[in-house]
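**Q** Sequence lines, in order, name chains A and B.
Just so you know, we're using our numbering here: the first sequence kicks off at 1 and counts up by one.
Just so you know, we're using our numbering here: the second sequence kicks off at 488 and counts up by one.
Quick reminder that beta carbons are idealized off the backbone N, C-alpha and C, glycines included.
Please see the structure below; I have some questions.
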Amino acid sequence: MESSEPRTAREEWGTRFGFLMAMVGAMVGAGNIWRMPFTTGQNGGGAFLVAYIVLLYVIAVPGLMAETMIGRYTNKGVIGTFNQIFRSKRSQGLGVVVLIVNVALMSYYAPIIGWALYYAGHSLLMTFTQPGFQPQAFWDGFISNPALVIGMHTVTMAGIAGTLVFGIRRGIERVVKWMIPLLVLALVAVGVRGVTLPGGMEGVAFVFTPDWTSLTRGSTWVAALSQALFSTGLGWGIALTYGSYLSRYDDVPLGGGMFTAIGNTSIGLLAVFATFPIVFAFGIEPAAGSNLLFISLAEVFPELPGGAAWAAVFFISFLFATFTSGLGITEVGVTTVSEETRLSRTGSVLAVCGVVWLFGLPSAYSSSFLDQMDFVIGSFGLPLATLSIIALVAWKLGPERARVIDLNRNTGIYVSRWWNPVIKYVIPVVMVFIVGFGVVTNIGTENQTLVMVGVALMVALVVISTAVMGIIGNASSSPGPVSEGGD
Amino acid sequence: MVLSTVTWVTMFLAILALPGVASVVLIRSLRTEERKLELLREQGSIDSYSPRALQELREWIQAHPNDPYAPEARQRYNECVRTLREVDEPYYDWSVEQIEKLETIEE
């Protein structure tokens, strides 16, 4: 909400609408627009959606409440929050882990934003409706041209730096207040166009006719679980960072939990509406995977009446979705670096964006490296970051203590005791299960080496970060009193 | 193509459970912001806990008097009680009788 009585000189969101759009914008990304439609297609359509909605309400909503709350409570970035709650320099290393995971995530996400930028640019040039346009050749030509992909990656990082340098209110908020409503309108427009195409309703039937046998398959639930957790960005530090810019009078459960999780998924549902009718109307394979967006859908625009305009609407909305996520992921690093160092906001933005750009070069250069990064960070880094952040509330602050002191403060809805076991047991168990499931199902496959690398990397990251922060802490000051979990 | 009843029902439920709930939450969140801002402009402060939440906070403080977070909890509890006594119009649904019964906790 509009800041009326700031506690500190720290910046706050200008409006409630701006905060809500920023949260949704940060969480809506490639995961919703690109991954959700093809995951739905691969996992039984309507049955997948049923499983997804159940898990969203049971896990993602309460989890995001916890993460946003801890940000508002401490008014600090990830490292500062770990320091304040654990009161131990060694545990502050877990904040460093979250920060490193974010930078690693952004290093391969930025080239993907570059892809979206390239396609959005070409949609404005009406490339996709030119005679003789070949989507597969266009994609291959782009992705196998390192100079072009690195150029797009560079432009992307420059755009993100240029936005973040203006800060929360004049930078992020000003951009997302326009981009997210436009994204929603664009997806609705494409969805309406899709269902009015001959054969488009078959796509609707495929998505919403539940194949109940899919609900008895573990793979459907695991896919729904991964989608519910990863598309909502739970535990990545974004909700914590954005929550830290809330005023004391702001509500957390309604906006930080419910709206963020459900609003973001609603956009995922709109993406399903926007793609599946077109997919069926043009006879495209619904389980086409990542090719669905960049190759298969690009193929249909020349066939669509007014195809050039629809291509522009679709790819620009995809660019908005990925760009606003990029802002959120990068801001985690910017906030933390500016708090933990003597750098100014501008210096922190340049430093973080520079590091992301540099570490993003291999992913921009090679899409197979990008895939490997996605596998390692997605399978191990993000669950580790989520576990670290949830551990703050679940095992250190304590869910009951967090709930009565802060979560229900200035809230628009009352959160009762059901929240405690979800935070303390369900989410940690689910995260461990996802990691374990990923390890077990990839043993004996081509990903086996990556699994070993991922596990080793994450263990090393935790050990080194906590050890280094412990040494720094012992050298500089003695730790404060350590408190125990509340319940 | 004609959709089956099950398909229509599933689609309706998905729209209700996702965009429907999100729209309601968005509108409610923006309205509560308007009301808070209005009260803050008029009164300078607002009560920060609902009757149920404040009651739980009091119970927690009484059950954990030596908790490291108890001083902060007491401070927040007392701040809410004092605000409720000062303001003309509470933000949450407090009755005059409920406010009169409230007592601050020794910090």
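How big is the Cα-Cα spacing for N565/B and I390/A?
**A** 29 Å
**Q** Of the choices G71/A, F128/A, V155/A and I267/A, whose alpha-carbon is the least far from that of G235/A?
**A** Closest option to G235/A, Cα to Cα, is G71/A.
**Q** Please classify A456/A as buried or exposed, where buried requires at least 16 other C-beta atoms within 10 Å of its C-beta.
**A** exposed
**Q** I want to verify the contact list: residues of chain B whose CB lies under 9 Å from the CB of P286/A, in sequence order.
**A** Counting only Cβ-Cβ distances below 9 Å, P286/A has no contacts in chain B at all, with the closest Cβ about 15 Å away.
**Q** Helix or strand or just coil, what does DSSP make of Q585/B?
**A** helix
**Q** What residues in its chain sit with their C-beta under 6 Å from that of L246/A, if we drop five residues either side in the sequence?
**A** R72
**Q** Going by other Cβ atoms of all chains shown within 10 Å of its Cβ, with 16 needed for buried, is P37/A buried or exposed?
**A** P37/A comes out buried.
**Q** Quick check: the stretch 216-230 of chain A against the stretch 38-55 of chain A, are at least 3 beta-carbon pairs closer than 8 Å?
**A** yes
**Q** Of all the options K424/A, M126/A, Q136/A and I143/A, which has the alpha carbon lying nearest to the alpha carbon of I112/A?
**A** I143/A
**Q** For G495/A versus F19/A, is the C-beta distance shorter than 8 Å?
**A** No statement about residue 495/A is possible, as the shown extent of chain A runs from 1 to 487 and does not include it.
**Q** Under 8 Å Cβ-Cβ, which residues of chain A neighbour E559/B?
**A** I405
**Q** Pull out every residue of the stretch 575-591 of chain B whose Cβ sits closer than 7 Å to any Cβ of chain A, in chain order.
**A** none
**Q** Under a three-way DSSP split, which group does G45/A fall into?
**A** strand
**Q** Closest to G45/A by C-alpha separation, out of G203/A, A467/A, E299/A and N410/A, would be which residue?
**A** G203/A
**Q** Relative to the alpha-carbon of E576/B, which residue among P558/B, K588/B, S535/B and A504/B has its alpha-carbon at the smallest distance?
**A** S535/B
**Q** If you drop the 5 nearest sequence neighbours on each side, which residues of the same chain put their C-beta closer than 7 Å to that of M126/A?
**A** A308
**Q** Which partner residues does P210/A have in the DSSP bridge list?
**A** G45/A
**Q** Can you check whether the C-beta of N420/A is within less than 8 Å of a C-beta belonging to chain B?
**A** no
**Q** Check the Cβ-Cβ distances between E202/A and every residue of chain B, and say whether any is below 8 Å.
**A** Look at E202/A: its C-beta is under 8 Å from a C-beta on chain B.
**Q** Just tell me which of T411/A, G381/A and T335/A has its CA closest to the CA of G454/A.
**A** G381/A
**Q** Would you give the residue range spanned by the alpha helix (DSSP H) that N565/B belongs to?
**A** A557 to E573
**Q** With a cut-off of 8 Å on the beta carbons, I'd call I172/A and E331/A a contact; round off their distance for me.
**A** 7 Å
**Q** Compare the Cα-Cα distances from R528/B to each of E590/B, W581/B and V574/B and report the closest residue.
**A** V574/B
**Q** Count the other C-beta atoms from every protein chain shown that fall within 10 angstroms of the C-beta of W419/A, then say buried if there are 16 or more, exposed otherwise.
**A** With 16 or more Cβ atoms within 10 Å of its Cβ, W419/A is classed as buried.
**Q** Quick check on the burial criterion: 16 or more other C-beta atoms within 10 angstroms. Buried or exposed for F433/A?
**A** exposed
**Q** Taking C-alpha atoms, which residue in A47/A, G151/A, G121/A and R10/A lies nearest to W357/A?
**A** G151/A
**Q** With the cut-off set at 8 Å, would you say M469/A and K89/A are in Cβ contact?
**A** Contact: yes.
**Q** For the stretch 436-452 of chain A, which residues have a CB atom closer than 7 Å to at least one CB atom of chain B, in sequence order?
**A** none
**Q** Say whether chain B places a C-beta atom closer than 8 Å to the C-beta of Y414/A.
**A** yes
**Q** Is it the case that the CB of A66/A approaches a heavy atom of the ligand SAM more closely than 7 Å?
**A** Although the ligand SAM was asked about, the structure shown includes no ligands whatsoever.
**Q** Between R217/A and chain B, is there a C-beta pair that is closer than 8 Å?
**A** no
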